[in-house]
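Notes for the one structure printed next.
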Amino acid sequence: MSSVLNNDDLIAKDINNEKLDNSLQRSNLYKLLKEREQSWWQARQQLIERQEKKMFWYGENSLIMWLLWQLVGYVVVAMALMLLNNIFGISLPLWQYVSLFVIQTIFFCQCTCC
Numbered sequence: 259m260s261s262v263l264n265n266d267d268l269i270a271k272d273i274n275n276e277k278l279d280n281s282l283q284r285s286n287l288y289k290l291l292k293e294r295e296q297s298w299w300q301a302r303q304q305l306i307e308r309q310e311k312k313m314f315w316y317g318e319n320s321l322i323m324w325l326l327w328q329l330v331g332y333v334v335v336a337m338a339l340m341l342l343n344n345i346f347g348i349s350l351p352l353w354q355y356v357s358l359f360v361i362q363t364i365f366f367c368q369c370t371c372c
């Protein structure tokens, strides 16, 4: 990587230059281009990996986003049930709470899949 920064005033256009002094300069130029290409590929690979990580967390079909919205839905339903219990004194048995959350999960799966 250090030789990529130290280029000795050679540029890519010099490859086809007939006035290039000797084969040593030409081989140095090829070596420099090879190192630059390698660093370019590494930077490209890092960019692709970052984009894939971003898609995993925030992508349109991301599992993490689905789980996050599912959690938000559970919290909203739980708050509504607590409000109903406090205001109207409506209390449900445990199996009805569980079935309500199962129905919510099935509904949420159907809405996000279509």
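Offset between the sequence shown (1-based) and our numbering: plus 258. C-beta atoms are modelled at their ideal positions from N, C-alpha and C, and glycine is treated no differently. The model shown is predicted, which means the values in this text are computed figures rather than measured ones.
Between the CA atoms of residue j and residue i - distance to the nearest angstrom
i      : j      : result
Gln362 : Gly347 : 22 Å
Leu350 : Ser357 : 11 Å
Ala301 : Glu307 : 10 Å
Gln328 : Ala338 : 15 Å
Gln368 : Trp299 : 42 Å
Val334 : Leu325 : 14 Å
Asn282 : Met323 : According to the sequence shown, residue 282 is Leu rather than Asn. For Leu282 and Met323, the distance between alpha carbons rounds to 56 Å.
Asn286 : Leu321 : 49 Å
Gln304 : Arg294 : 15 Å
Gln309 : Ile364 : 31 Å
Arg284 : Leu290 : 10 Å
Ile345 : Ala336 : 14 Å
Gln296 : Val360 : 52 Å
Own chain partners of residue i with C-beta closer than 6 Å, once the 5 adjacent residues on each side are dropped
i      : result
Leu342 : Ile348
Residue i (DSSP reduced to helix, strand or coil)
i      : result
Ile322 : helix
Ser393 : What the structure shows of the chain is the stretch from 259 to 372, and residue 393 is not part of that stretch, so it cannot be assessed.
Gly347 : coil
Nonlocal neighbours in the same chain, by C-beta distance under 7 Å from residue i, ignoring five residues either side
i      : result
Val330 : none
Phe366 : Gln328, Gly331
Close beta carbons around residue i, own chain, < 8 Å, minus the five adjacent residues each side
i      : result
Glu355 : Per the sequence shown, the amino acid found at residue 355 is Tyr instead of Glu. For Tyr355, where only same-chain residues beyond five positions count, the Cβ hits under 8 Å are Leu339.
Lys311 : none
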